[in-house]
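I have placed the structure first, in the form of structure tokens, so that the comments after it can refer back to it.
Numbering (my numbering), first residue to last: 8 to 398.
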């Protein structure tokens with residue numbers, strides 16, 4: 008169904024008549040080709056709106072609305088499996104990352120842990136509308152009637168209500184740079200080594216509760232397990248001394264309560280999995296230093312990947328994608344550009360759009376070469392085609 012980009016280029020060159028009106032380089036042609044394809048593609052949706060207000064006919068091949076739907080269907084994607092990752096327990100989704108070629112968002116379907124089926128979420132346009140819907144028992148969000156809010160903040164996002172991910176150990180806030188494991192970290196303020204106690208043996212590192220909240224959010228769960236890397240500055244150089252999993256604790260957990268007191272406002276972490284060994288000397292309250300080779304004050308802990316997050320999707324999104332950008336690529340032989348079909352990208356539009364592509368590219372070429380006559384001819388041909396379609 009694709010339209011050969013080489014065939015279109017050759018037609019454009021023939022119409023332009025390179026001996027008299029100038030030569031269109033491959034670089035110029037590729038720019039014009041992308042612009043022409045996107046203009047034709049975007050016009051489909053305006054034409055659907057226009058033709059849907061008119062009576063159709065029983066002749067399927069000449070029904071303009073059906074023809075337009077056929078052209079658009081080349082770019083429709085209907086999800087049959089989860090294709091969107093929920094980044095945190097607050098229902099945040101980064102559309103720009105999951106669907107980089109998104110053009111129009113379709114149905115958003117969500118499955119909650121207590122359900123077997125996916126329910127289509129209702130879009131809300133702003134927080135005011137969201138609050139109005141939730142003020143009423145009939146329209147309030149629920150697992151059977153989810154809502155989603157689409158908004159832009161540096162990139163395209165949606166937020167799903169109620170939150171579809173539960174207890175995944177992740178509290179990443181998309182309004183910050185916490186997705187970047189090379190930026191956000193906590194600094195070890197103290198270390199200790201504990202023996203065989205009821206609350207667990209291990210080589211613990213400590214840092215402030217506020218640092219931990221700043222790293223993974225206020226709702227991180229006691230005993231959450233994260234993939235981390237621990238970096239130590241050695242002679243002015245950052246050295247990774249640990250790159251594996253760690254178990255994190257709230258200030259209210261037994262180990263921290265005994266060490267620092269119930270209102271200490273500190274968090275701690277230890278290697279995971281940890282080993283219990285009765286031969287290790289018992290914990291001494293005054294001992295704040297781990298054994299040699301373990302954590303040191305000043306070590307920095309970076310949370311890299313949450314091991315619970317990867318499979319937490321439960322969301323399917325239907326959408327219309329943008330067509331891939333066309334590209335006429337070539338190799339140089341005897342100082343001439345020869346078409347390379349292996350590295351080129353054809354037009355993705357419906358085959359009936361080939362003439363339209365030629366006319367639009369010619370019009371752009373006429374402007375670029377300052378040949379108004381070429382632009383006028385191309386515009387005339389295009390207008391004649393449009394009039395024929397709308398008769």
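Here a beta-carbon is modelled for each residue, glycine too, at the ideal position from N, C-alpha and C. None of these values were measured; they are calculated from a predicted model.
Sequence-distant residues of the same chain with beta carbon closer than 7 Å to residue i, five excluded per side
i, result
"residue 102", "109, 163, 164, 165"
"residue 31", "19, 20, 23, 372"
"residue 330", "44, 48, 82, 355, 356"
"residue 171", "93, 98, 117, 119, 321, 322"
"residue 196", "213, 214, 215, 304"
"residue 311", "188, 234, 235, 236"
"residue 85", "325"
"residue 141", "147, 148"
For residue i: DSSP bridge partner residues
i, result
"residue 352", "334"
"residue 155", "130, 167"
"residue 346", "337"
"residue 60", "According to DSSP, residue 60 bridges with nothing at all."
"residue 197", "213"
"residue 245", "240"
"residue 309", "236"
"residue 328", "109"
"residue 10", "354"
"residue 367", "According to DSSP, which records beta bridges pairwise, residue 367 is partnered with nothing at all."
"residue 55", "None, per the DSSP bridge assignment."
"residue 322", "117"
Cβ neighbours of residue i in the same chain (closer than 6 Å, five flanking residues each side left out)
i, result
"residue 112", "326"
"residue 160", "none"
"residue 81", "none"
"residue 71", "58"
"residue 238", "245, 247, 307"
"residue 182", "Here residue 182 scores only 38 on pLDDT, less than 50, and its place in the model is too uncertain to base an answer on."
"residue 131", "137, 154, 156"
"residue 250", "236"
"residue 55", "75"
"residue 16", "36, 335"
"residue 350", "336"
"residue 87", "none"
"residue 114", "127, 325"
Neighbour-count burial assignment, residue i, 16 or more Cβ in a 10 Å radius
i, result
"residue 134", "exposed"
"residue 323", "buried"
"residue 52", "exposed"
"residue 44", "buried"
"residue 154", "buried"
"residue 301", "buried"
"residue 254", "buried"
"residue 344", "exposed"
"residue 374", "exposed"
"residue 75", "buried"
"residue 139", "exposed"
"residue 363", "buried"
"residue 178", "With a pLDDT of 43 at residue 178, under the threshold of 50, the modelled position of this residue cannot be trusted, and the question is left open."
"residue 123", "exposed"
"residue 241", "exposed"
"residue 121", "exposed"
Residue from the options whose Cα sits closest to the Cα of residue i
i, options, result
"residue 97", "370, 241, 167, 324", "167"
"residue 129", "122, 117, 14, 123", "117"
"residue 339", "33, 89, 11", "33"
"residue 368", "36, 12, 55, 333", "36"
"residue 348", "341, 337, 357, 356", "337"
"residue 252", "243, 197, 239, 309", "309"
"residue 399", "125, 40, 364", "What the structure shows of the chain is the stretch from 8 to 398, and residue 399 is not part of that stretch, so it cannot be assessed."
"residue 106", "193, 90, 114", "90"
"residue 50", "61, 78, 353, 194", "78"
"residue 211", "61, 256, 243", "256"
"residue 12", "353, 218, 39", "353"
"residue 100", "342, 62, 158, 145", "158"
Same chain, Cβ closer than 8 Å to residue i, five either side skipped, listed in chain order
i, result
"residue 14", "361"
"residue 41", "332, 333"
"residue 169", "98, 119, 148, 149, 150, 153"
"residue 46", "367"
Chain D contact for residue i (CB, 8 Å cutoff)
i, result
"residue 324", "The structure shown contains no chain D, having only a single protein chain."
- Item | Continuous beta strand (DSSP E) assignments of at least 3 residues falling wholly in the stretch 81-133 | For the beta strand (DSSP E) assignment, the uninterrupted runs of no fewer than 3 residues enclosed by the stretch 81-133 are, from N- to C-terminal side, 99-101, 109-117, 129-131.
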